[in-house]
Each structure stands twice: as structure tokens, then as C-alpha cells.
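Since the structure comes first, as C-alpha cells, the remarks are kept for the end.
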Amino acid sequence: MSRDYLAYVSVAVSALIAYSIASIVNQYLRLRHIKGPPGAGFCKWWLVRAVGGGRLHLDFYEACEKYGSIVRIGPNDLITSDPELMKRMLNVRTTYRRSNWYDGMRLKPGQDNVLSARDDELHHRLRSKMSAGYSGKEVENLEAKIDQNVLRLVDLLDRYVSEDKPFDFGAKAQYFTLDVISDLAFGEPFGDLTTDSDVHEYIRTMEENMPTIILTKESLTKVRPRPTHSIAKQVVAERFGPNKKVQKDMLGSFIARGLSQAEAESEVLMQLLAGSDTTATAIRATILHVITNPKVTAALRAEIDAAHLSRPIVSDAEARAMPYLQAVIKEGLRMFPPVVGQMSKEVVSNDGAGDTFKGVHLPEGTRIGYCAWGIFRRSDIWGADSHLFRPERWLEADAEGLRLMEGTLELVFGYGKWQCLGRNVALMELNKVFVEVSCANGPSRDIAPSLFKETLY
1 MSRDYLAYVS VAVSALIAYS IASIVNQYLR LRHIKGPPGA GFCKWWLVRA
51 VGGGRLHLDF YEACEKYGSI VRIGPNDLIT SDPELMKRML NVRTTYRRSN
101 WYDGMRLKPG QDNVLSARDD ELHHRLRSKM SAGYSGKEVE NLEAKIDQNV
151 LRLVDLLDRY VSEDKPFDFG AKAQYFTLDV ISDLAFGEPF GDLTTDSDVH
201 EYIRTMEENM PTIILTKESL TKVRPRPTHS IAKQVVAERF GPNKKVQKDM
251 LGSFIARGLS QAEAESEVLM QLLAGSDTTA TAIRATILHV ITNPKVTAAL
301 RAEIDAAHLS RPIVSDAEAR AMPYLQAVIK EGLRMFPPVV GQMSKEVVSN
351 DGAGDTFKGV HLPEGTRIGY CAWGIFRRSD IWGADSHLFR PERWLEADAE
401 GLRLMEGTLE LVFGYGKWQC LGRNVALMEL NKVFVEVSCA NGPSRDIAPS
451 LFKETLY
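Numbering of the sequence shown is given in UniProt numbering, commencing with residue 1 and proceeding in unit increments.
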């Protein structure tokens, strides 16, 4: 090997090292004015550890408590606990766009869904095809279908009580939400409540694969398809072809409004994930807070007992007219927001100069994520006791305070052009479940919740 060749290699390696160092330094300098954990400005290790550790919501919260409402958690990543900045990024006319974080929500290789779509035009097109289905306008007997599944849940609870067996609400809550979303989306529930089992092993599969689903590169997914794909393929295939089924359910509405077979498969996968896990989390967390707080339990039951409710299941309209129930639901969503992922947006401006928020410059291309725990525990919004589950705060607030609280709580379901399409369905489920479970769970009955383990990515 000649000396000239060795010299050439040495120069090339040195140049590469110098370039890498310069890039790291330049990246650090872009956001040097924003504080964060040590080393976060130079590499992604802090962020990777937070995401992979399963306590991302707490790591983000602790960072915001220590460093402020805008925190640097990576070379090009920030998080915020300021609801005003969140609304600035999410409003209908925002120039911000979804970052590459959303690529992890592309559950079907090569096919975006309404949650993963980063292109505004594509996102708007998908929403326009799906909004009627989610609103219930084109779903036959939407509320009646939810009622039937609530009855199945209560029947299952009664069966356990009659046999003097502990009832694991942690597991049964997701049986319920899976049966509801499959019933509304495909016209037939999975049957988890009827069989008292994870029929398609969906829950087990998602629990085992969630970190992989979020982090696996699409190229690897094509080689090793995710196990949930077969459910989507089978359900959607029945709606296309010469012998296609035509039904007045969500999927039928999506297809009638122009969703292709590939798009439908992708949306079905997202429905199962977003429509079951998030609502189940809200049910579990709120039930746990209620049954471990005797004062709240007594107040909720008193309101239910005093109301003249439809039987066998309370109507959605009746539940919405119950002030304490609504306060319990809002407080449950505040204390344990079902979605706490980074969900970062990218700074995009019309002139390429970035953005400035409350005197803080946010350079073009910077990713800014969501610190849910920080937003929903701010004492300036929720009071000095923001760490406590206290539904009464919603009934005691003056008009201005209530408006601020309710406006901030909207962030639980997204906001502006990215608001969750399934919001109304989820709230209907919560309205009915908390009333009927409270009725079923009388003084002589007992619900034994599973230990509440938080593992959030």
C-alpha cells in the first residue's frame, strides 16, 4: 500500500471527522438558547432513553418542571408544556406541519392513514372521506350498538359478582372498547365480552409489539409483516370485488366516499389502535380514581340516583346533562390523558425564518413535541392542587377559569385541523360506561382493578 494512498485516506477520514464535528456544533448552536437535560443538544440519547423506557410522560414532565415550558430534549427536538404554543402549532391556519415522528404511525407499509399523513392535502382528503362515518351520520344505530356493548360489559361484571370472583377492569375495559370499535367500524363486534377473552389476541399482540410498531423501519416491516395486518385485510376484502358486502357502518361510509381498498386497510389498522387503546386507558384511569376516592364515588352515585335515566342504558343526551358525571370525565382525562406521545410538529414559516413565541426564537425545521403531563398539571390553569383528582374544580371555577380549563382540555383530543375524528364516539362510551358501572357496582359489590402499571411511549 503506497504512502500516497495512506495519506489520501488519512486526509479523507480527517475531513469526515471535521465535517461531523462541525455539523454537531452547528446543530447545537441553533438551539443553544433553549435549556434542556445535559448532552441533549449534542445527541439523541436522552430522547431515545425516554421513549424506550416506557415512562416518557414522566420524563417529559420532569424536564419541563426543571427547565421551563419549552425544553430541548435532542439536537433538533423540543417539547412544550405551554398550551398556547400547542394551539399555535395545531390551529387550522398554522404553517407548522407534522414531523417525521408520524412515520411511525404508518401501520401498513407504504400506505399513510389519517394519523400518519404528513402532507396537508392528503390529510385533508382522508379526513373528508371519513368524517361522516365517525360522526355517526352514516352509521346505522350507532348509539344502540354502543348500548348493546355496554350491556355485555355489565352482564360480564354481574357474572363475576354472582360467582364472587374479582373483576379485572384493566383487561375488560379493552374488551369493551375493542368490541365497540369493531361493531361500529365493521358491523360486528370481535366478541371479546361475550367470550371473556382476547378473541383475536389483538391486545396481547399490541402489548408485545407496541415499541417495535413505533420504532421498526418500514423496510423491515415489508419483510416481517405486523401481526395485525391479517385482521384488516380480511375485513376490508369483504367490501370489495364482485361479491362485496355493503353495510351502513364506518367502513361502509369510508368506501362509499371514495376510500380505496389499500387506504381502507390502513385506516382499519389505525381504528383498532386509536379507537380501542386510548378509550380503554381513559376508562381504566378514571374508574381507578373514582373507586379509590369515597367522596367522589358517593357524589357520582347520588347524582345517578337522583336522575330519571333511560333503562336499560342511559342515553348520551341524559349523561351529558349530568354536571358531576361530566366533571368526573373531564377530570379523568386531565389526570391521565390517554395519548402522551411526542407527536412533534415541525416549524415551517412562509419566509423560512422560523417562528418566535413569547420571545423565544424557534428556527425553521425544529421539531416541537407535546408534554401532556406538564400541560394538564399547570397550577396556573388547574389550581395549586393540580396533582389531585378533584372533579369539583370543574363545578367551582368561574366563567373565565372554566373557559381556560375547557379550552386546554381540548388538547386531549388534538386540536384544530388535527383534532381526533373519534372524539364524539369516545365521549359517548365514557358517558355510558361510568353511569352503568356505577349503577352495577352497588355497596355489596366490589371491583378489583388490576395494578395500574403505566407504560407509555
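The C-beta atom is built at its ideal place from N, Cα and C for all residues, glycine as well.
Could you tell me which residues DSSP pairs with A163 in its beta bridges?
It is Glu, not Ala, that sits at residue 163 in the sequence shown. E163 pairs with nothing; no bridge assigned.
Give the range of the beta strand (DSSP E) segment to which H361 is assigned.
360–362
Which first and last residues belong to the alpha helix (DSSP H) in which D77 is found?
No alpha helix (DSSP H) contains D77, which is instead part of the beta strand (DSSP E) from 77–80.
Cα-Cα, which of Y102, A12, Y67 is closest to K345?
Y102
Using only the alpha-carbon positions, how far apart do S135 and L421 sit?
8 Å
Can you grab the Cα-Cα spacing for the pair F254 / A298, in whole Å?
43 Å
Residues near V154 by beta carbon distance below 6 Å, same chain, minus five either side:
E436, A440
Close-in-space but distant-in-sequence residues of the same chain around M86 (CB under 8 Å, 5 per side omitted)
T80, Y370, I375, L411, Y415
Quick one: using the 10 Å Cβ neighbour count with 16 as the cut-off for buried, is F336 buried or exposed?
buried
Name, in chain order, the residues that DSSP records as bridge partners for D355.
L362
Would W45 be called buried (16 or more neighbouring beta carbons within 10 Å of its own) or exposed?
exposed
Near V92, what residues of its chain come up, given a Cβ to Cβ distance below 6 Å and the 5 sequence neighbours on each side ignored?
G416, K417
Endpoints, beta strand (DSSP E) assigned at V71:
70–74
With distances taken Cα to Cα, identify the nearest neighbour of K66 among L402, G52, F389, P38.
P38
Stretch pair the region 173–191 + the region 274–283: three plus CB contacts closer than 8 Å:
yes
Residues in its own chain within less than 6 Å of A426 by CB, not counting five upstream and five downstream?
T279
Within 10 angstroms of its Cβ, does R32 collect 16 or more other Cβ (buried), or is it exposed?
exposed
Measuring straight from C-alpha to C-alpha, what distance separates P189 and L178?
8 Å
Uninterrupted beta strand (DSSP E) stretches inside the region 322–410 (no shorter than 3 residues)
355–357, 360–362, 367–370
Rounded to whole angstroms, how far is the Cβ of Q348 from the Cβ of V296, which I believe are closer than 8 Å?
Note that residue 348 is Val in the sequence shown here, rather than Gln. Going by Cβ atoms, the distance from V348 to V296 rounds to 44 Å, so no, they are not a contact pair.
Whole-angstrom distance between P294 and N311, CA atom to CA atom:
Per the sequence shown, residue 311 should be read as Arg rather than Asn. The straight-line gap from Cα to Cα measures roughly 26 Å.
Can you tell me whether V11 is buried or exposed? The criterion is at least 16 other CB atoms within 10 Å of its CB, across all chains shown.
exposed
What do you reckon, are the CB atoms on A132 and E138 nearer than 8 Å?
yes
Would DSSP call E108 helix, strand or coil?
Looking at the sequence shown, residue 108 is not Glu but Lys. K108: strand per DSSP, three-state reduction.
Note down, in chain order, each residue of its chain lying with its Cβ closer than 7 Å to the Cβ of H57, except the 5 sequence neighbours on either side.
V340, A372, W373, L456
Three-state class that DSSP yields for D311 in the structure shown
In the sequence as presented, Asp is not what sits at residue 311; that position holds Arg. DSSP places R311 in coil when its eight states are reduced to three.
Just how far apart, CA to CA, sit G187 and K248?
8 Å
For residue 459, count the other beta carbons within 10 Å of its own beta carbon; 16 or more makes it buried, fewer makes it exposed. Which is it?
With the chain running from 1 to 457 in the structure shown, residue 459 is simply not present.
I need the DSSP call for R97, collapsed to helix, strand or coil.
strand
My output table needs one value for I17: the three-state DSSP class, helix, strand or coil.
helix
Going by Cα to Cα distance, which pick from V199, V246, L325 is closest to F434?
L325
So for R320, helix, strand or coil by DSSP?
helix
If A237 sits next to Q111, beta carbons under 8 Å apart, how far is it from one beta carbon to the other, in whole angstroms?
Not a contact, Cβ separation roughly 15 Å.
Straight-line Cα distance separating H124 from H289:
37 Å
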